[in-house]
Amino acid sequence: MLSKRARDVKPSPTLAIDAKAKALKAAGVDIVNFGVGEPDFDTPENVKDAAVRALREGFTKYTPAGGTDALKDAIAAKLKKDNGLEYSRDEIVVSCGAKHSLYNAAQALFGPGDEVIVPAPYWVSYPDQILLNDATPVIVKTSEADGFVLLPEAFEAAVTPRTKALILNSPSNPTGSAYDRKALERVADVACRRNVFVISDEIYEKLVYDGAEHASIASLSKEMRERTLVVNGLSKSHAMTGWRIGYAAGPKPVIKAMTDIQSQSTSNPNSIAQKAAVEALAGPQDSVAAMRTEFDARRRFLVDALNSLPGLSCRTPNGAFYAFPNCSRLYGKRAGDRKIAGSSDLAIYFLEEARVALVPGSAFGDGAFVRLSYATSMENVKKGVERIREALSRLA
Ligand SMILES: *Cc1c(COP(=O)(O)O)cnc(C)c1O
17 MLSKRARDVK
27 PSPTLAIDAK
37 AKALKAAGVD
47 IVNFGVGEPD
57 FDTPENVKDA
67 AVRALREGFT
77 KYTPAGGTDA
87 LKDAIAAKLK
97 KDNGLEYSRD
107 EIVVSCGAKH
117 SLYNAAQALF
127 GPGDEVIVPA
137 PYWVSYPDQI
147 LLNDATPVIV
157 KTSEADGFVL
167 LPEAFEAAVT
177 PRTKALILNS
187 PSNPTGSAYD
197 RKALERVADV
207 ACRRNVFVIS
217 DEIYEKLVYD
227 GAEHASIASL
237 SKEMRERTLV
247 VNGLSKSHAM
257 TGWRIGYAAG
267 PKPVIKAMTD
277 IQSQSTSNPN
287 SIAQKAAVEA
297 LAGPQDSVAA
307 MRTEFDARRR
317 FLVDALNSLP
327 GLSCRTPNGA
337 FYAFPNCSRL
347 YGKRAGDRKI
357 AGSSDLAIYF
367 LEEARVALVP
377 GSAFGDGAFV
387 RLSYATSMEN
397 VKKGVERIRE
407 ALSRLA
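Heads up: take any position in the sequence shown, counting from 1, add 16, and you land on our numbering.
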């Protein structure tokens, strides 16, 4: 009965682990959840107030499918101020989350026979969104030694006449790696020479550490601006995951196609959330900085703690809110009759025996690692590390 597409699609593995952890929690098990990919902070009060005002004022009707002019203008102002990029209203579309922008972009750009280059470890939804649109993901491995950054040689070697686009994610989920300008320039050079369009997922732009500066690859040159779709949103920067507001900025024909697709599927993003998003982007930004400071403290603590555990090694991530330790030295070990053959076994072991939820690297295309989100309180981070330490002591 189901379509081939529906038969092939997998549920998001990160949401699946999260669901399992939440189910255990609901059953009364005290779980430390390093699985979640969302800030643990509440949405800033000024943003909530803007939503309440919108509601009271009756801003509860359809808006233009691609978002209100007010929000597009706030997005344009943000892109100019933060990224040095100028876009007009018809080069911007507002969607129901950045994930939706990425999906609409895949609908607008990909089809049968197209190849799309995805550096691994990758965010879980990229390959599936490509497959859902009948194109082929071409996975290019990056290495821990290179800081999980796509090297120009590896990128160029993957380009064929069928290559439609590259999906770039900096700072990265799951590795926490943020590209510096030089690394971006090398990628941009290949993209321009080999005529590859770039979809740049910059949802973690506000979360960079150790003096790293976020640069948008679209800002490197006029030519890159013409061949890049910048995707961003409010979920991670303003703790607004549930509000579902994301956006894309890029060439007019792509934006028009994405807007038309949206007009036939979801129509506009939630009207109240759009009003709140204007306040999030144009209002005071001190809560963004405060969240970053707290994430940074947890990052330092967690990475040091992971490196003190036997069998784990963790490079220091300079972005997002994930630690991505290498666990491959644990593979082959046992706890009783349980054998740890890879990252999924390890994740299940930690969940069932240490009451700690994390995501196996296999979900992101590299089973040597696991991903821990530190979007949970420092107290939980400390408790979780001790539980992992205890569980590791039982492995032999
Ligand atoms: C969270 C996340 C998104 C999606 O964010 P929404 O705006 O909530 O849809 C997109 N890309 C990456 C890499 C993410 O981690």
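The beta carbon of each residue, even a glycine, is placed where N, CA and C say it ideally should be.
Outcome for residue i when other beta-carbon atoms lying within 10 angstroms are tallied against a minimum of 16
i	result
V397	buried
A313	exposed
D106	exposed
S104	exposed
A93	exposed
S117	buried
V52	buried
Y176	Residue identity check: residue 176 is Thr in the sequence provided, not Tyr. When all chains shown are included, T176 counts as exposed.
A305	exposed
L362	buried
D382	buried
K20	exposed
Y78	exposed
S159	exposed
S283	exposed
A124	buried
Q278	buried
K238	exposed
S8	Limits of the chain in this structure are 17 at one end and 412 at the other, which puts residue 8 out of reach.
Q280	exposed
A39	exposed
S409	exposed
E102	exposed
S324	exposed
G83	buried
A42	exposed
T76	exposed
T309	exposed
G227	exposed
G262	buried
K88	buried
Cβ separation of residue i and residue j, assumed to be a contact under 8 Å, to the nearest whole Å
i	j	result
G377	P137	7 Å
A174	V154	5 Å
G400	V45	G400 to V45, Cβ: 14 Å. No contact.
V413	A379	What is shown of the chain runs 17 to 412, which leaves residue 413 out entirely.
V63	A296	5 Å
G100	S303	24 Å between Cβ atoms; not a contact.
A86	N248	Not really, about 17 Å apart at Cβ, beyond 8 Å.
E131	K180	6 Å
A264	M274	6 Å
Residue from the options with nearest C-alpha to residue i
i	options	result
D162	D196, A151, E102, E310	D196
Y347	Y338, G335, S360	S360
S111	R405, W259, N334, V304	W259
D276	E54, P80, K41, D24	P80
R210	S235, A265, L182	L182
L374	C343, L101, A199	C343
D150	V25, M17, P300	V25
G192	T332, E395, L245	T332
V206	M307, A412, I233	I233
R23	G127, D226, D144, K96	D144
T257	F126, L388, D58	D58
A384	P27, R345, Y225	R345
Q301	M17, P55, P60, E54	P60
First through last residue of the alpha helix (DSSP H) which encompasses residue i
i	result
Y142	141-148
T309	302-323
I271	268-280
R241	238-242
R387	No alpha helix (DSSP H) holds R387; the beta strand (DSSP E) holding it covers 386-389.
Y347	Counting along the chain, Y347 falls outside any alpha helix (DSSP H), and DSSP gives it neither H nor E.
L367	359-370
F206	In the sequence as presented, Phe is not what sits at residue 206; that position holds Val. 197-209 is the extent of the alpha helix (DSSP H) around V206.
E54	Looking at the DSSP string, E54 is not in any alpha helix (DSSP H), and its letter there is neither H nor E.
H116	114-125
The beta strand (DSSP E) enclosing residue i, as first and last residue numbers
i	result
R405	Run containing R405: none in the beta strand (DSSP E); it sits in the alpha helix (DSSP H), 394-409.
K180	179-185
A136	131-136
I155	152-157
D217	213-217
I108	108-111
A296	That residue, A296, is in no beta strand (DSSP E); its alpha helix (DSSP H) goes 287-298.
Y78	Segment: none, Y78 is in no beta strand (DSSP E) and carries neither H nor E.
A264	262-265
Check: residue i C-beta below 8 Å from any heavy atom of ligand 3
i	result
K252	No copy of ligand 3 appears in this structure; the ligands present are ligand 1.
Exercise for the section: Could you say if the stretch 175-188 and the stretch 217-229 meet the contact criterion of at least three C-beta pairs nearer than 8 Å? Expected result: yes
Exercise for the section: Take every Cβ of the stretch 349-357, pair it with every Cβ of the stretch 30-48, and state whether three or more of those distances are shorter than 8 Å. Expected result: Contact between the stretch 349-357 and the stretch 30-48 is absent, with fewer than three C-beta pairs closer than 8 Å.
Exercise for the section: Take every Cβ of the stretch 318-326, pair it with every Cβ of the stretch 337-347, and state whether three or more of those distances are shorter than 8 Å. Expected result: yes
Handout entry: Three-pair Cβ contact test at 8 Å for the stretch 65-76 versus the stretch 289-301
Key = yes
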